[in-house]
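Okay, structure first, notes after.
Protein chains: 4
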Amino acid sequence: MDSKHSHRSEETKKAILTTAGKLFANKGYDAVSMREIAKQAKCSHTTIYLYFKSKESLLHQLSMPSLTQLKLKMQEIVQSNTLPPEKKLKEMSNQFIHFCLNNKNLHTIFINAKSTRVDEQKPELEINQIRLEIFSIMKNTLGECLSLPNDDQLLAYSRIFFYNLYGILSTYSYQHEPTEVLLERLIPTFGLSVEILILGFKANLKLVEGEG
Amino acid sequence: MDSKHSHRSEETKKAILTTAGKLFANKGYDAVSMREIAKQAKCSHTTIYLYFKSKESLLHQLSMPSLTQLKLKMQEIVQSNTLPPEKKLKEMSNQFIHFCLNNKNLHTIFINAKSTRVDEQKPELEINQIRLEIFSIMKNTLGECLSLPNDDQLLAYSRIFFYNLYGILSTYSYQHEPTEVLLERLIPTFGLSVEILILGFKANLKLVEGEG
Amino acid sequence: MDSKHSHRSEETKKAILTTAGKLFANKGYDAVSMREIAKQAKCSHTTIYLYFKSKESLLHQLSMPSLTQLKLKMQEIVQSNTLPPEKKLKEMSNQFIHFCLNNKNLHTIFINAKSTRVDEQKPELEINQIRLEIFSIMKNTLGECLSLPNDDQLLAYSRIFFYNLYGILSTYSYQHEPTEVLLERLIPTFGLSVEILILGFKANLKLVEGEG
Amino acid sequence: MDSKHSHRSEETKKAILTTAGKLFANKGYDAVSMREIAKQAKCSHTTIYLYFKSKESLLHQLSMPSLTQLKLKMQEIVQSNTLPPEKKLKEMSNQFIHFCLNNKNLHTIFINAKSTRVDEQKPELEINQIRLEIFSIMKNTLGECLSLPNDDQLLAYSRIFFYNLYGILSTYSYQHEPTEVLLERLIPTFGLSVEILILGFKANLKLVEGEG
DNA sequence: CATGAATGAGTGTTCATTCAT
DNA sequence: GATGAATGAACACTCATTCAT
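Chains as they are written, first to last, in the UniProt record's numbering: chain A, 1 to 212; chain B, 1 to 212; chain C, 1 to 212; chain D, 1 to 212.
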């Protein structure tokens with residue numbers, strides 16, 4: 001009996017999470033109402049509050065798994081032995097952009113981190129940590145590409161690398177075009193930007209070495 | 001006699017503009033309410049409507065002067081005969097970043113396509129036009145650097161160039177550090193990023209030509 | 001269990017309808033605010049939106065049932081075989097007045113063209129249609145009385161007939177006297193007015209025919 | 001010097017009254033804003049408050065002269081020796097309808113009389129008195145038409161007569177069509193209605209006398 | 001005498017959230 | 001475990017009115 005209950009409960013919660021995830025991603029956090037989520041998840045809007053303290057908390061609980069998943073993907077790519085480092089980096093960038101554009105809502109979390117009330121800062125920290133880990137993985141892969149140790153030079157380069165990614169995101173995050181369409185159209189450009197940066201880094205390295 | 005009146009009026013208007021600029025930049029256009037602006041500008045929310053026809057018009061009046069000024073600076077640089085194109089582009093990038101960071105993060109407005117519904121009237125179009133002009137000026141300068149005609153290749157490169165700039169802006173816009181300090185510390189990195197991109201473009205061009 | 005809920009809900013909705021009806025009639029649609037309705041209906045103004053999509057829809061739902069009922073009564077009278085046409089018309093007029101006065105002065109809504117923007121959607125059109133149907137039924141009955149075909153002459157006469165009815169309504173709608181008392185006292189006058197109009201129409205017809 | 005001042009002052013006041021009158025009549029009391037009046041009267045909106053305590057008071061001061069004028073017109077018609085009583089009544093009805101449709105705003109005064117604050121009830125009473133006088137003039141003229149003394153019979157008839165007028169007003173007061181256009185189109189119908197009523201009254205009189 | 005600056009109360013509407021069931 | 005009913009706060013915006021000049 002209990003199991004049946006809790007089973008249903010689990011299902012409802014999952015439905016809410018799935019629906020909210022889809023809606024947040026498609027329309028943006030602000031543009032989605034609790035009632036809308038409830039309707040699509042086929043439950044009452046009050047039911048959501050049984051599982052999530054607030055809309056914000058729903059967003060948080062929603063983001064962690066996605067971010068974790070992204071991190072896992074990154075790690076998979078790292079461990080793939082078949083890909084040359086440059087391809088790895090390209091693939092990572094694609095994944096990163098894909099993920100961020102598909103989770104437009106995450107912006108609000110990343111950016112408004114500071115506004116989180118002090119008494120619930122733990123999830124924040126977790127999110128931040130994963131962000132740093134992802135950053136680190138990509139920096140290392142860039143190091144591989146350029147045969148560079150983990151030094152200040154690499155840090156500077158990877159910053160520039162991330163400028164490019166953030167620039168892409170900030171350019172396209174608020175576009176109203178459906179994400180998939182957008183991506184299909186733009187992925188080649190993004191790939192090109194990665195290639196060019198690597199070429200640029202290498203060329204710059206030669207210059208620097210020449211000087212040194 | 002009148003001067004006291006008009007002086008007060010000027011001050012109020014300025015306070016509204018300043019406050020709105022700060023708030024829009026920090027929280028995004030949608031997330032800021034007229035009452036919030038009014039409260040921080042220490043006036044009634046209805047007072048805002050004395051000076052600005054609507055929230056959207058406030059945004060517009062807020063963005064236009066800065067953008068126009070930026071465009072003028074860009075044109076000055078273009079016309080300078082003493083600088084080689086690469087230096088011009090670097091200088092433009094500096095100006096661009098300087099300007100966006102100094103105009104308290106209005107870059108969200110500049111970059112953000114959100115406030116630019118295509119089917120709306122003139123105001124946004126003006127903003128958009130200036131944005132396009134600035135983009136165009138820099139694209140042309142990049143063309144000079146790479147000895148490229150104004151074709152699709154150049155367009156793709158200049159997009160990538162802008163990703164870098166936007167990425168820089170979105171990374172540092174929310175920093176609490178005073179802008180000047182920030183800039184002094186980071187300008188070298190930004191310069192480096194421009195250099196690397198140009199190197200990358202050139203290297204990529206050789207590859208493409210080799211192929212062709 | 002549910003019954004308590006749904007009971008309360010029914011009551012609230014009814015309270016809103018009643019209150020809105022009274023207020024619209026007394027002060028006019030535009031002059032009544034949702035908050036005012038809510039306050040008098042002893043609920044929050046947002047509660048209204050639980051039951052009615054908008055202010056306009058509230059007006060609509062308020063008018064439709066009464067109007068429909070009135071139309072049905074009219075049709076009954078038409079089909080009665082025992083009454084001579086003149087009596088039918090008198091009875092219809094009585095019903096019309098009765099109804100409008102009883103439905104707390106909704107006549108402002110019925111008569112008032114204001115809420116009937118032509119370029120709007122269905123709801124007002126429905127109301128308008130019923131209004132026209134009622135008008136049509138009475139016009140036809142007037143035609144029977146005067147042995148007139150459905151031509152412009154009849155249209156002109158029936159307009160005048162309706163002026164009389166509307167005049168009665170606009171005269172007595174704002175009286176504070178309870179409707180029933182009012183009606184008992186005035187019904188003879190109203191009857192007289194119908195008689196006089198019919199006499200007048202007939203006399204006028206003779207004149208017109210004499211001319212022709 | 002003083003005279004110049006007070007001259008200007010008078011002019012301003014007159015401009016305000018004229019403009020407000022026009023606007024109230026064309027758009028209705030509620031739909032006109034003080035700023036709109038001021039702009040068209042070429043003064044500041046605050047200036048209006050130098051001459052009129054409030055918007056409502058402006059409406060009142062505006063209505064009295066018009067009503068008085070209407071009364072005067074009625075009296076002129078009464079005293080005209082050339083017109084037969086029936087023509088007089090027709091002309092009076094025309095004037096009445098004309099006036100009321102041209103001063104749509106007066107509705108709010110007539111109808112909302114009760115809502116006037118106690119401490120300024122004098123104008124109310126004045127207005128009411130004039131209304132009664134006008135009613136009386138027309139009743140007497142109707143008496144002339146029907147060769148009836150000022151008894152209950154005449155009172156009943158004149159009530160019916162006014163139902164017709166009020167019906168016309170309530171039908172067309174809220175039309176958005178410009179008044180003049182409306183009137184040109186409808187005046188014939190109104191004339192017909194007066195004729196028919198008189199015919200009806202006469203016929204009814206014969207019936208009553210036959211009975212008696 | 002006249003005005004520009006400023007405001008509080010109000011409009012319809014939406015939303016996340018709570019409470020009783 | 002789940003829900004319908006209900007609400008207060010907020011949104012952009014308008015208005016009649018007041019105050020200092």
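Each residue gets a CB set at the ideal place from its N, CA and C atoms; glycine is no exception.
{"Check": "Touching by the beta-carbon criterion (3+ pairs, under 8 Å), the region 155–175 of chain C and the region 158–172 of chain D", "Outcome": "yes"}
{"Check": "At least 3 beta-carbon pairs within less than 8 Å: the region 124–140 of chain C vs the region 15–23 of chain D", "Outcome": "no"}
{"Check": "Three-state class that DSSP yields for residue 99 of chain B in the structure shown", "Outcome": "helix"}
{"Check": "Cβ contact check for the region 147–162 of chain D and the region 136–156 of chain C: 3 or more pairs under 8 Å", "Outcome": "no"}
{"Check": "Segment contact flag, the region 71–84 of chain B with the region 32–46 of chain B, C-beta cutoff 8 Å, min 3 pairs", "Outcome": "no"}
{"Check": "Residue range of the unbroken alpha helix (DSSP H) whose run includes residue 164 of chain B", "Outcome": "152–172"}
{"Check": "is_contact[residue 170 of chain C, chain D] using C-beta, thresh 8 Å", "Outcome": "yes"}
{"Check": "Neighbour list for residue 156 of chain C in chain D, Cβ cutoff strictly below 8 Å", "Outcome": "189, 192"}
{"Check": "Test item: CB-CB of residue 59 of chain A and residue 99 of chain A under 8 Å", "Outcome": "no"}
{"Check": "Residue 209 of chain D at chain C interface by Cβ criterion, 8 Å", "Outcome": "no"}
{"Check": "Straight-line Cα distance separating residue 49 of chain C from residue 47 of chain A", "Outcome": "21 Å"}
{"Check": "Spatial neighbours of residue 11 of chain D in its chain, beta-carbon cut-off 6 Å, leaving aside the 5 residues before and after", "Outcome": "none"}
{"Check": "Contact residues within the region 139–165 of chain A, judged by C-beta distance below 7 Å to chain B", "Outcome": "156, 159, 160, 162, 163, 164, 165"}
{"Check": "Proximity to residue 163 of chain B [Cα-Cα], best of B:143, B:193, B:205", "Outcome": "B:193"}
{"Check": "Where residue 136 of chain C sits in the DSSP three-state scheme", "Outcome": "helix"}
{"Check": "Buried versus exposed call for residue 91 of chain B [16 or more other C-beta atoms within 10 Å across all chains shown]", "Outcome": "buried"}
{"Check": "Close-in-space but distant-in-sequence residues of the same chain around residue 9 of chain D (CB under 7 Å, 5 per side omitted)", "Outcome": "none"}
{"Check": "Reference residue 139 of chain A; option with closest CA among A:53, A:200, A:88", "Outcome": "A:88"}
{"Check": "Contact under 8 Å by Cβ, residue 102 of chain B with residue 179 of chain B", "Outcome": "yes"}
{"Check": "CB contact check: residue 81 of chain B to chain A, cutoff 8 Å", "Outcome": "no"}
{"Check": "Residue 96 of chain C beta carbon less than 8 Å from that of residue 182 of chain C", "Outcome": "no"}
{"Check": "Residues within the region 194–206 of chain A neighbouring chain B, beta-carbon criterion of under 7 Å", "Outcome": "195, 196, 197, 199, 200, 201, 203, 204"}
{"Check": "Inter-residue Cα distance where the pair is residue 27 of chain D and residue 36 of chain A", "Outcome": "41 Å"}
{"Check": "CB of residue 86 of chain B within 8 Å of CB of residue 204 of chain A, strictly", "Outcome": "no"}
{"Check": "Distance, residue 206 of chain C Cα to residue 201 of chain D Cα", "Outcome": "16 Å"}
{"Check": "Own chain, CB closer than 6 Å to residue 32 of chain B, minus 5 neighbours either side, in chain order", "Outcome": "23, 24"}
{"Check": "Per-residue burial, residue 72 of chain D [other beta carbons within 10 Å of its own, 16 or more giving buried]", "Outcome": "exposed"}
{"Check": "Residue 62 of chain D (DSSP reduced to helix, strand or coil)", "Outcome": "helix"}
{"Check": "Option in D:145, D:131, D:45 with minimal Cα separation from residue 199 of chain D", "Outcome": "D:145"}
{"Check": "C-beta neighbour in chain D for residue 167 of chain C, strict 8 Å", "Outcome": "yes"}
{"Check": "CA nearest to the CA of residue 65 of chain B, picked from B:7, B:30, B:21", "Outcome": "B:21"}
{"Check": "Selection from D:191, D:75, D:184, D:187 that minimises the alpha carbon distance to residue 141 of chain D", "Outcome": "D:75"}
{"Check": "Length of the line joining the Cα atoms of residue 68 of chain A and residue 56 of chain A", "Outcome": "19 Å"}
{"Check": "Residue 52 of chain D in three-state terms, based on DSSP", "Outcome": "coil"}
{"Check": "Nearest to residue 160 of chain D (by Cα), restricted to the options D:211, D:197, D:131", "Outcome": "D:197"}
{"Check": "Cβ neighbour criterion (16 or more within 10 Å) applied to residue 143 of chain D", "Outcome": "buried"}
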